[in-house]
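Under the working numbering, the first residue of the sequence shown carries the number 100, and numbering increases by one thereafter. Every residue, glycine too, gets a C-beta built ideally from N, C-alpha and C. Remember, it's a predicted structure, so these values are computed and weren't measured experimentally.
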Amino acid sequence: MMPIAIVARPGIGPGARNSPFARRFASNRIPAAAAALLPDCDPPAWVYLPAPLDPISSTAIRQKKVGQ
Numbered sequence: 100m101m102p103i104a105i106v107a108r109p110g111i112g113p114g115a116r117n118s119p120f121a122r123r124f125a126s127n128r129i130p131a132a133a134a135a136l137l138p139d140c141d142p143p144a145w146v147y148l149p150a151p152l153d154p155i156s157s158t159a160i161r162q163k164k165v166g167q
């Protein structure tokens, strides 16, 4: 097992934070402000990271980055 970071995406929002996973591991969630500590946390630590919501798919974002 390893710590997990969940990044906000359009259309997901509250659903991810209220998912079966989030409810099951609620006591293991760390605040977004402490996300830099996640690699040093013991599993099943996790963090939900709010982010600018861009409707472009993750694949398109990665492809754009590779082409820069």
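What is the DSSP secondary structure of residue i, counted as helix, strand or coil?
i: residue 103; result: strand
i: residue 148; result: strand
i: residue 128; result: strand
i: residue 143; result: coil
i: residue 109; result: coil
i: residue 160; result: helix
Sorted by chain position, which residues of the same chain lie with C-beta nearer than 7 Å to residue i's C-beta, five sequence neighbours on each side aside?
i: residue 142; result: 100, 101 and 102
i: residue 127; result: 143, 144 and 145
Excluding the 5 residues flanking residue i on each side, which residues of the same chain have their C-beta closer than 8 Å to its C-beta?
i: residue 152; result: 107, 108 and 109
i: residue 138; result: 102
Sorted by chain position, which residues of the same chain lie with C-beta nearer than 6 Å to residue i's C-beta, five sequence neighbours on each side aside?
i: residue 147; result: 105 and 116
Mind reading off the beta-carbon distance from residue i to residue j? Whole number of angstroms is fine, and I expect it under 8 Å.
i: residue 155; j: residue 140; result: That pair is no contact at about 30 Å.
Do the stretch 103-111 and the stretch 133-152 meet, that is, are 3 or more Cβ pairs less than 8 Å apart? The stretch 103-111 makes contact with the stretch 133-152: 3 or more CB pairs, one atom from each, lie closer than 8 Å.
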